[in-house]
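Colleague: What follows is a structure written as structure tokens; I'll ask about it next.
There are 4 protein chains.
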Amino acid sequence: MPVQKTDRKEILKRSLHVFKEKGYHKTTMADLATASGLLKGSMYHYFSGKEELMAEVLKMLKNHYVDKVFSIAYDRSFPAILRLQKLAARSEEIFIKENGGCFMVNTGLETVNTNKSFTTIIRDFFNEWIKCIAYIYKEIYTPSEAESQARYAVAEIEGSVMLMQIYNDPNYLLRTNKKLIADFRKSSEKQ
Amino acid sequence: MPVQKTDRKEILKRSLHVFKEKGYHKTTMADLATASGLLKGSMYHYFSGKEELMAEVLKMLKNHYVDKVFSIAYDRSFPAILRLQKLAARSEEIFIKENGGCFMVNTGLETVNTNKSFTTIIRDFFNEWIKCIAYIYKEIYTPSEAESQARYAVAEIEGSVMLMQIYNDPNYLLRTNKKLIADFRKSSEKQ
Amino acid sequence: MPVQKTDRKEILKRSLHVFKEKGYHKTTMADLATASGLLKGSMYHYFSGKEELMAEVLKMLKNHYVDKVFSIAYDRSFPAILRLQKLAARSEEIFIKENGGCFMVNTGLETVNTNKSFTTIIRDFFNEWIKCIAYIYKEIYTPSEAESQARYAVAEIEGSVMLMQIYNDPNYLLRTNKKLIADFRKSSEKQ
Amino acid sequence: MPVQKTDRKEILKRSLHVFKEKGYHKTTMADLATASGLLKGSMYHYFSGKEELMAEVLKMLKNHYVDKVFSIAYDRSFPAILRLQKLAARSEEIFIKENGGCFMVNTGLETVNTNKSFTTIIRDFFNEWIKCIAYIYKEIYTPSEAESQARYAVAEIEGSVMLMQIYNDPNYLLRTNKKLIADFRKSSEKQ
DNA sequence: GATGAATGAGACTTCATTCAT
DNA sequence: GATGAATGAAGTCTCATTCAT
Chain Z
1 MPVQKTDRKE ILKRSLHVFK EKGYHKTTMA DLATASGLLK GSMYHYFSGK EELMAEVLKM
61 LKNHYVDKVF SIAYDRSFPA ILRLQKLAAR SEEIFIKENG GCFMVNTGLE TVNTNKSFTT
121 IIRDFFNEWI KCIAYIYKEI YTPSEAESQA RYAVAEIEGS VMLMQIYNDP NYLLRTNKKL
181 IADFRKSSEK Q
Chain W
1 MPVQKTDRKE ILKRSLHVFK EKGYHKTTMA DLATASGLLK GSMYHYFSGK EELMAEVLKM
61 LKNHYVDKVF SIAYDRSFPA ILRLQKLAAR SEEIFIKENG GCFMVNTGLE TVNTNKSFTT
121 IIRDFFNEWI KCIAYIYKEI YTPSEAESQA RYAVAEIEGS VMLMQIYNDP NYLLRTNKKL
181 IADFRKSSEK Q
Chain P
1 MPVQKTDRKE ILKRSLHVFK EKGYHKTTMA DLATASGLLK GSMYHYFSGK EELMAEVLKM
61 LKNHYVDKVF SIAYDRSFPA ILRLQKLAAR SEEIFIKENG GCFMVNTGLE TVNTNKSFTT
121 IIRDFFNEWI KCIAYIYKEI YTPSEAESQA RYAVAEIEGS VMLMQIYNDP NYLLRTNKKL
181 IADFRKSSEK Q
Chain L
1 MPVQKTDRKE ILKRSLHVFK EKGYHKTTMA DLATASGLLK GSMYHYFSGK EELMAEVLKM
61 LKNHYVDKVF SIAYDRSFPA ILRLQKLAAR SEEIFIKENG GCFMVNTGLE TVNTNKSFTT
121 IIRDFFNEWI KCIAYIYKEI YTPSEAESQA RYAVAEIEGS VMLMQIYNDP NYLLRTNKKL
181 IADFRKSSEK Q
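Protein chains in written order, with the numbering used here: chain Z, 1 to 191; chain W, 1 to 191; chain P, 1 to 191; chain L, 1 to 191.
See below:
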């Protein structure tokens, strides 16, 4: 019955959920098709294969972060500390509510030795994340110090998200975010 | 014709290398058998299946860390700062030299939704790690503050190891270790 | 958006090229559609399916041979030997230049056990070919001897075309044609 | 139930029958497995895939021809004409009785544009065939003339086999063989 | 007439596991 | 204990064909 049942964007969104749940290698094209309301064979109208599909999921997600999350950092109509808090709040929404964990890291680590093309996209994601945190930090640090601190911050957040997953306890992330904000406030006041 | 005499421990060691390289789901029993000098069928004399084998690999590795690495923290014949440095040095050896990344985290994230039994072992590993760092931190912090700081430290290290893998650049870990040691020294001196 | 106006004849011609290249079973409807400047679904406005399409390709080609090639044999305004030479020259053009090999034979052998309807058309083709050669041979042989010799000639030509394909060397056909013409000349002179 | 049900050689023989019947592309691994009394997956214990399997079938067949058929030509305990007759008789057995047609040619033409590795083996087969006929012809022709005549003979035989398949009439081959033998006898007597 | 999304059967292949020897 | 043939379910992907627009 050839009626349009869905579109690429919709398939990508639904595939993202499945990949989050099961990881790249454990997810089958049948899983993705079912989630999209299609049959296995129909997926190949939209994507040349599983690998391309995942690459597009990653790109979509990266763009979403850049447009909807990291952009918060550059909105100078709010004070730096508030922007940092907003970023933290958004990260909590994303990493905690939506089925636990950071999809970029989980995918990155699972595929780092088997799918180099994914790594490139994931690297872009981290570049953007570090850049946006550094932008805020530049209000109180030198540019090079800001970037260095941003890298530590991202590492600490991601490490916390990982522990959160292993322990199934969101407090790991919540505490780290609070600490990062408190540290920033303290450093601001020193000036 | 028995190609090679071997035993469980030897199989576990060789399997660890393969799992590190390819991850849990991408590794086949044939890969593990080849690495062990056995044929596929022979693996089942030693382990009931792939899942049990991985569980034993994780246990072996956890015990190795407890005995050979985390034990450093409890050797009070060295000053705290030196023990911290030794731990850092060992972690660099492990995470950088041996094919990049933290096997516990990589396995944990890949299987967190599909193999609960692995997660339990990995959680034990992190409990021990945090505990040993906290033991050192207690020399300058209150017990509860020490544990809190230990958790941050482990999160930051693991986050750095992850970025190290994604960026294929060991400096992420090296810088973090230096920072953690410097912070400890500074805090020590304040007292 | 109609990409390209076309018609059955044009589709058949373009499909012939693709079938020549890949054979019947390896050719997909998508290949044929692409070659025709259409999309897959549009092919079914012209032909009921792949099998009918191939049948029509074979008929078109057979008719082309009858009208444009075999007809040479019946043009008594030229001497027999010249007609034979012309036929040889045309066969060289067809079998050598256009991507090597005899489409009728290649298709016939590939489908002889699976698509009886093709075989009928291909048989017609050979009937016509043998008949036209026999027509020339009758100038020097009895009718029954002429037909017999014509069959040998066609067999030898086709065998040479086959070896030409396997060895990727057009000389197999060229030598055979020369020999057939020389034999005919010799037999003519004896009379 | 892991008991040896067959072996490589047996699979090759049975696969040959199936490939003869359906051609390379139309034959599925399931067809071959069924013919071998195995399940699809079990075929991959013996062969890395369909392509390797066919390559081995072709090699086996070529070797069979060399050892059991072409070798007749070199047995000087029989006169040349008798050796030629024996070869003809064997070729009739092979091409007529066993499901019609020459497997080497059918496979060669079907795959000449898609599987170069097959072509190499098939070329070897023809080299050997031409060589053995030439060996007999050298008794009455110069070496170079013998080889030339051998090539014509093989072409004519194969062309006849092809017509035999298309017309489903073994007389095409039978007549050609008779003619070749008669020609040889006539040429012998002239000397 | 042209489209192209959807189908669904079926292709090749992989792999954890079993078990007779 | 070791083998390796066999299994069978499941994986990714292909393709001739249909049909609503």
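Even glycine gets a Cβ: it sits at the ideal position worked out from N, Cα and C. None of these values were measured; they are calculated from a predicted model.
#1: Exposed or buried, Phe-78 (chain P), counting other C-beta atoms within 10 Å across all chains shown (16 or more means buried)?
#2: Quick one: using the 10 Å Cβ neighbour count with 16 as the cut-off for buried, is Gly-23 (chain L) buried or exposed?
#3: Smallest Cα separation from His-64 (chain P): which of P:Phe-103, P:Ile-140, P:His-45?
#4: So, with DSSP's three-state summary, where would you put Asn-127 (chain Z)?
#5: Start and end of the alpha helix (DSSP H) containing Asn-63 (chain P)?
#6: Measure the beta-carbon distance from Thr-119 (chain L) to Ile-166 (chain P) and round it to whole angstroms, keeping in mind my assumption that it falls under 8 Å.
#7: With a CB to CB cut of under 6 Å and the five nearest residues on each side skipped, what residues in its chain are close to Val-18 (chain Z)?
#8: Less than 8 Å between the CB atoms is what I'm expecting for Phe-126 (chain Z) and Leu-163 (chain W), so what's the real figure, rounded?
#9: If you run the structure through DSSP and keep just helix, strand and coil, what is Asn-168 (chain P)?
#10: Between which two residues does the alpha helix (DSSP H) holding Leu-84 (chain P) run?
#11: If the cut-off is 9 Å on Cβ atoms, which residues from the stretch 21-50 of chain P count as contacting chain L, listed in chain order?
#12: Give me the chain P residues within the contact set of Glu-92 (chain L), using Cβ-Cβ distance strictly less than 8 Å, ordered along the chain.
#13: If you run the structure through DSSP and keep just helix, strand and coil, what is Asp-183 (chain P)?
#14: Is the Cβ of Arg-123 (chain Z) closer than 7 Å to any Cβ of chain W?
#15: Give the straight-line distance between the Cα atoms of Met-1 (chain W) and Asn-115 (chain P), rounded to the nearest whole angstrom.
#16: For the alpha helix (DSSP H) holding Val-105 (chain L), just list the boundary residues, first then last.
#17: What is the DSSP secondary structure of Ile-136 (chain Z), reduced to helix, strand or coil?
#18: Spatial neighbours of Gly-108 (chain W) within its chain, please: CB distance less than 8 Å, with the 5 preceding and 5 following residues excluded, ordered by chain position.
#19: Since Tyr-167 (chain Z) meets chain W, which of its residues come closer than 7 Å, beta carbon to beta carbon?
#20: Grab me the residues of Ser-160 (chain L)'s own chain with a C-beta within less than 7 Å of its C-beta, minus the 5 sequence neighbours each way, in chain order.
#21: Using a Cβ-Cβ distance under 7 Å, would Glu-158 (chain L) count as near chain P?
#22: Buried or exposed for Arg-83 (chain W), please, with buried defined as at least 16 other CB atoms from any protein chain shown within 10 angstroms of its CB.
#23: Sorted by chain position, which residues of the same chain lie with C-beta nearer than 8 Å to Lys-9 (chain Z)'s C-beta, five sequence neighbours on each side aside?
#24: Using the beta-carbon of each residue, which ones in chain W are nearer than 7 Å to Phe-126 (chain Z)?
#25: Which term fits Thr-142 (chain P), buried or exposed, when burial requires 16 or more other beta carbons within 10 angstroms of its beta carbon?
#26: Kindly indicate which three-state DSSP category Ser-15 (chain L) falls into: helix, strand or coil?
#27: Around the Cβ of Ala-89 (chain W), are there at least 16 other Cβ atoms within 10 angstroms (buried) or fewer (exposed)?
#28: Could you tell me the alpha carbon to alpha carbon distance between Lys-179 (chain W) and Glu-110 (chain Z), rounded to whole angstroms?
#29: For Tyr-199 (chain W), report the span of its alpha helix (DSSP H) as first-last.
#30: Taking the alpha-carbon positions, what's the Asp-7 (chain Z) to Leu-16 (chain Z) distance?
Modeller: On the basis of the coordinates in this document:
#1: Taking the third sequence and counting its residues from 1, one reaches residue 78 (chain P) at position 78. The residue is exposed, with fewer than 16 neighbouring Cβ atoms inside 10 Å.
#2: For the purposes of this step, residue 23 (chain L) is identified with residue 23 of the fourth sequence, where counting begins at 1. Buried is the call here.
#3: Working through the third sequence from its first residue, we reach residue 64 (chain P) at position 64. His-64 (chain P) has its Cα closest to that of P:Phe-103, out of P:Phe-103, P:Ile-140, P:His-45.
#4: Here residue 127 (chain Z) refers to the residue found at position 127 when the first sequence is read from its first residue. In this structure, Asn-127 (chain Z) counts as helix in the three-state DSSP scheme.
#5: Residue numbering aside, residue 63 (chain P) sits at position 63 when the third sequence is read from its first letter. Where Asn-63 (chain P) is concerned, the enclosing alpha helix (DSSP H) stretches over 50-64.
#6: Within the fourth sequence, the letter at position 119 stands for residue 119 (chain L). Within the third sequence, the letter at position 166 stands for residue 166 (chain P). Distance from Thr-119 (chain L) to Ile-166 (chain P) at the Cβ level is roughly 6 Å; contact confirmed, criterion being Cβ atoms closer than 8 Å.
#7: Here residue 18 (chain Z) corresponds to residue number 18 of the first sequence, with the count starting at 1. Excluding residues within five positions, the ones whose Cβ falls inside 6 Å are Thr-27, Asp-31, Leu-32, Ala-35.
#8: The residue given as residue 126 (chain Z) occupies position 126 in the first sequence. The residue given as residue 163 (chain W) occupies position 163 in the second sequence. At roughly 7 Å, the Cβ-Cβ gap stays under 8 Å, so Phe-126 (chain Z) and Leu-163 (chain W) are in contact.
#9: The sequence position of residue 168 (chain P) within the third sequence is 168, counting from 1. Correct three-state label for Asn-168 (chain P): coil.
#10: If you number the third sequence from 1, residue 84 (chain P) lands on position 84. Residues 80-92.
#11: With the criterion set as a beta carbon lying under 9 Å from some beta carbon of chain L, the members of the stretch 21-50 of chain P are Glu-21, Lys-22, Gly-23, Tyr-24, His-25, Lys-26, in sequence order.
#12: Translated into the one-based positions of the fourth sequence, residue 92 (chain L) becomes position 92. Per Cβ cutoff of 8 Å: no residues; Glu-92 (chain L) is ~15 Å from chain P at best.
#13: Reading the third sequence from its first residue, position 183 is the one you call residue 183 (chain P). DSSP places Asp-183 (chain P) in helix when its eight states are reduced to three.
#14: Residue numbering aside, residue 123 (chain Z) sits at position 123 when the first sequence is read from its first letter. So yes, Arg-123 (chain Z) belongs to the interface.
#15: For this step, residue 1 (chain W) is matched to residue 1 along the second sequence. For this step, residue 115 (chain P) is matched to residue 115 along the third sequence. Its pLDDT being 38, under 50, Met-1 (chain W) is placed unreliably by the model, and the measurement read from it follows with that caveat. One C-alpha to the other measures close to 52 Å.
#16: Position 105 of the fourth sequence, counted from the first residue, corresponds to residue 105 (chain L). Here the alpha helix (DSSP H) through Val-105 (chain L) covers 103-111.
#17: Looking up residue 136 (chain Z) in the first sequence gives position 136. The answer is helix: DSSP assigns Ile-136 (chain Z) an H, G or I state.
#18: Within the second sequence, residue 108 (chain W) is the residue found at index 108, counting from 1. So the list reads Phe-118, Thr-119, Ile-122, once near-sequence residues are dropped.
#19: Counted from its first residue, the first sequence places residue 167 (chain Z) at position 167. Near Tyr-167 (chain Z) (Cβ distances below 7 Å), the residues of chain W are Arg-123.
#20: For this step, residue 160 (chain L) is matched to residue 160 along the fourth sequence. The answer, listed in chain order, is Tyr-172, Leu-173, Thr-176.
#21: For the purposes of this step, residue 158 (chain L) is identified with residue 158 of the fourth sequence, where counting begins at 1. Taking Cβ atoms only, chain P reaches closer than 7 Å to Glu-158 (chain L), which makes this a yes.
#22: For the purposes of this step, residue 83 (chain W) is taken as residue 83 along the second sequence, with counting starting at 1. Burial call: buried.
#23: Numbered from its first residue, the first sequence carries residue 9 (chain Z) at position 9. Taken in chain order, the residues that qualify are Met-60.
#24: For the purposes of this step, residue 126 (chain Z) is taken as residue 126 along the first sequence, with counting starting at 1. Within 7 Å Cβ-Cβ: Leu-163, Ile-166.
#25: Counting from one through the third sequence, the residue named residue 142 (chain P) turns up at place 142. Flag for Thr-142 (chain P) reads exposed.
#26: Looking up residue 15 (chain L) in the fourth sequence gives position 15. DSSP places Ser-15 (chain L) in helix when its eight states are reduced to three.
#27: Within the second sequence, numbered from 1, the residue matching residue 89 (chain W) stands at position 89. Exposure of Ala-89 (chain W) is indicated by the presence of fewer than 16 other C-beta atoms within 10 angstroms of its C-beta.
#28: Walking along the second sequence from the start, residue 179 (chain W) turns up at place 179. Walking along the first sequence from the start, residue 110 (chain Z) turns up at place 110. Roughly 28 Å separates the two Cα atoms.
#29: Because chain W here runs from 1 to 191, residue 199 (chain W) falls outside it and cannot be looked at.
#30: Looking up residue 7 (chain Z) in the first sequence gives position 7. Looking up residue 16 (chain Z) in the first sequence gives position 16. Going from the Cα of Asp-7 (chain Z) to the Cα of Leu-16 (chain Z) covers about 14 Å.
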